[in-house]
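If you count the sequence shown from 1, you need to add 7 to reach the UniProt record's numbering.
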Amino acid sequence: KILILDFGAQYTQLIARRVREIGVYCEIWAWDHDPSEIAAYGAKGIILSGGPESTTETGSPRAPQEVFDSGLPILGICYGMQTMAVQLGGATEAADQREFGHAEVDLLVEDALLGGLSDHDDAPRLDVWMSHGDHVTAAPPGFTVTATTDRIPVAAFANDDKRWYGVQFHPEVTHTKQGQALLRRFVVDVCGCATLWTAANIIDDQIARVREQVGDDEVILGLSGGVDSSVVAALLHKAIGDQLTCVFVDTGLLRWKEGDQVMDTFAEHLGVRVIRVNAADRYFNALEGVSDPERKRKIIGNLFVDIFDEEAGKRANARWLAQGTIYPDVIESAGSKTGKAHVIKSHHNVGGLPEHMNLGLVEPLRELFKDEVRRLGVQLGLPREMVYRHPFPGPGLGVRILGEVKREFAELLAKADAIYIEELRAAGLYDKTSQAFAVFLPVKSVGVVGDARAYEWVIALRAVETIDFMTAHWAHLPYAFLDKVSRRIINELRGVSRVVYDISGKPPATIEWE
Ligand code: XMP
């Protein structure tokens, strides 16, 4: 396995995902994680990530001395390379201009990391992705400058004897064409890691661990229909079969026919014990007269906990609660002591279980990134469309019906959304957008339906492209496609006389409307 020390870069999780894609397990620790644990961790190599700070500023982060004392191979990326330079006797310089984007790197020496890699026939040269302000001006003693560009003298350095390397560019982003090859060189050839981290192995390993953890006890799981809890359900079912009970709460605010689909997939096909709670009446009652989005979120969340507790309380033998916590949630809550952790969306896991039940936690996805969870899902036999579905917010249609939530609105919205998604899939556009959905606007607009004047509701369509859901562009869906969806929604749904398309980016708008 590989240890990644995080200096706070946007790309750190991407480094970890790339290393895992090669088939090598790795973990991300904050750069100021207790350094006495480094040797004991047993990694075969260490990667120092990029970061937003400047090594030229006093008090900026440094790699713990234990990293260099470990005798392990080291790869410094961007800031990680710069701090290696400073700590090992080289030099860095702050630039007045940042370099961001494509660059060509000339390879000077055939070292173990870059030797033989090239994107060009005429000369050893790489197409890479740069994102930095500072750069290294002098490699430390014992190091060779292995690459350069016309903007920076030291684009990479190497000490093959110690197996220490630094690159200024970002091998983890796909714009660096040989990035994955470079990382593979490091983790497989230099560090000697075996590539055993595959979906099949992860499943086998987790099955053994879960069996060991829970023995003959009963486990309960809140199954939402989302990717994470679905994969947990499939995995636990395979591990402990009948000892698993899932509770699926149908809130009436889910996607069209979602409740039936969940039952079909899990209860019918996989033979998982699923308790379906039809709670739509309770949700619509609780939400009556409430229009403030945050209050709606609270009511929906609290009611879910109440209902889940009621059902869990009936399973007197349950000793364990399973949750779909994934690795980004874990990194997020661990964070760095200096508070440089990235801000990501908080997850809505089940909280507030009855104290008297005293349940232990089973979290088989704690070590996995979303893309790994998806691969596990496919390997476990879950339908591809379910596993690669767009994200759906915990409060569901409750925040997609603006203002007060009513059953009639939820039904119209779920149907409009289903038409939209069906057409997106049919047009091959679903996987090209990161998230797409319909929104119900509680305003009436005049239209002509047939020969009669209609005065009916408005549906807004939203589709965004994003990598991290923190920023997003609206998707430029073809006019002909939007035209077809609009016609279908107005023709097929009584009660809608107008369809509009949302062309707002995030920021300033959010992805959801509430
Ligand atoms: P926004 O609207 O903040 O959404 O741009 C970013 C991502 O988060 C999802 N989202 C939520 N997910 N509970 C959730 O579980 C919520 O209350 C919630 N609000 C927004 C949204 O769908 C998008 O993917």
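Heads up, the beta-carbon is just placed ideally off N, CA and C, and yes, glycines get one too.
What is the DSSP secondary structure of residue i, reduced to helix, strand or coil?
i           : result
residue 87  : helix
residue 449 : strand
residue 208 : helix
residue 249 : helix
residue 63  : coil
residue 23  : helix
residue 352 : Legend: pLDDT at residue 352 = 29, less than 50; position of this residue unreliable, no value from coordinates given.
residue 229 : strand
residue 55  : strand
residue 508 : strand
residue 442 : strand
residue 518 : coil
residue 437 : helix
residue 176 : coil
residue 477 : coil
residue 166 : strand
residue 141 : coil
residue 378 : helix
residue 272 : helix
residue 35  : strand
residue 314 : helix
residue 419 : helix
residue 17  : coil
residue 372 : coil
residue 12  : strand
residue 365 : coil
residue 344 : In this prediction, residue 344 scores a pLDDT of 47, lower than 50, which makes its location untrustworthy; the coordinate-derived value is nonetheless stated afterwards. DSSP places residue 344 in coil when its eight states are reduced to three.
residue 244 : helix
residue 384 : helix
residue 217 : helix
residue 116 : coil
residue 324 : coil
Mind checking whether the beta-carbon of residue i lies closer than 6 Å to any heavy atom of the ligand XMP?
i           : result
residue 517 : yes
residue 513 : yes
residue 400 : yes
residue 476 : yes
residue 304 : yes
With a Cβ-Cβ cutoff of 7 Å, do residue i and residue j count as a contact?
i           : j           : result
residue 101 : residue 61  : yes
residue 54  : residue 79  : no
residue 133 : residue 126 : yes
residue 303 : residue 297 : yes
residue 99  : residue 143 : yes
residue 92  : residue 147 : yes
residue 331 : residue 471 : no
residue 110 : residue 183 : no
residue 8   : residue 50  : yes
residue 38  : residue 68  : yes
residue 518 : residue 479 : yes
residue 465 : residue 495 : no
residue 448 : residue 500 : no
residue 417 : residue 308 : no
residue 520 : residue 446 : yes
Would you verify that the beta carbon of residue i is, or is not, closer than 7 Å to some beta carbon of chain D?
i           : result
residue 282 : Included in the structure is just one protein chain, with no chain D present.
Is there at least one non-hydrogen atom of the ligand FMN closer than 6 Å to the beta-carbon of residue i?
i           : result
residue 408 : Among the ligands present in this structure, namely the ligand XMP, the ligand FMN is not found.
* For the region 151-164 and the region 114-121, state whether three or more C-beta atom pairs, one from each stretch, are separated by less than 8 Å. => The region 151-164 makes contact with the region 114-121: 3 or more CB pairs, one atom from each, lie closer than 8 Å.
* To do: Evaluate contact between the region 389-404 and the region 228-242, counting only Cβ atoms and requiring at least three cross-stretch pairs below 8 Å.
  => Result yes; three or more Cβ-Cβ pairs closer than 8 Å.
* Asked: Using 8 Å as the Cβ pair cut-off and three pairs as the minimum, do the region 318-332 and the region 434-444 touch?
  -> Contact between the region 318-332 and the region 434-444 is absent, because fewer than three Cβ pairs lie under 8 Å.
* To do: Taking 8 Å as the threshold, find out whether the region 13-24 comes into contact with the region 171-182 through three or more Cβ pairs.
  => Per the Cβ contact rule, the region 13-24 is in contact with the region 171-182 (3 or more Cβ pairs under 8 Å).
* Asked: Counting pairs of beta carbons, one from the region 199-214 and one from the region 26-42, are three or more of them closer than 8 Å?
  -> With three or more CB-CB distances shorter than 8 Å, the region 199-214 counts as touching the region 26-42.
* So, do the region 409-424 and the region 282-300 have three or more beta carbon pairs nearer to each other than 8 Å? -> Yes, the region 409-424 is in contact with the region 282-300.
* Asked: Counting pairs of beta carbons, one from the region 245-260 and one from the region 280-287, are three or more of them closer than 8 Å?
  -> Yes: the two stretches touch, three or more of their Cβ pairs being nearer than 8 Å.
* Inter-stretch contact (C-beta, 8 Å, three-pair minimum) for the region 215-224 and the region 372-380 -> At 8 Å Cβ cutoff, the stretches do not touch.
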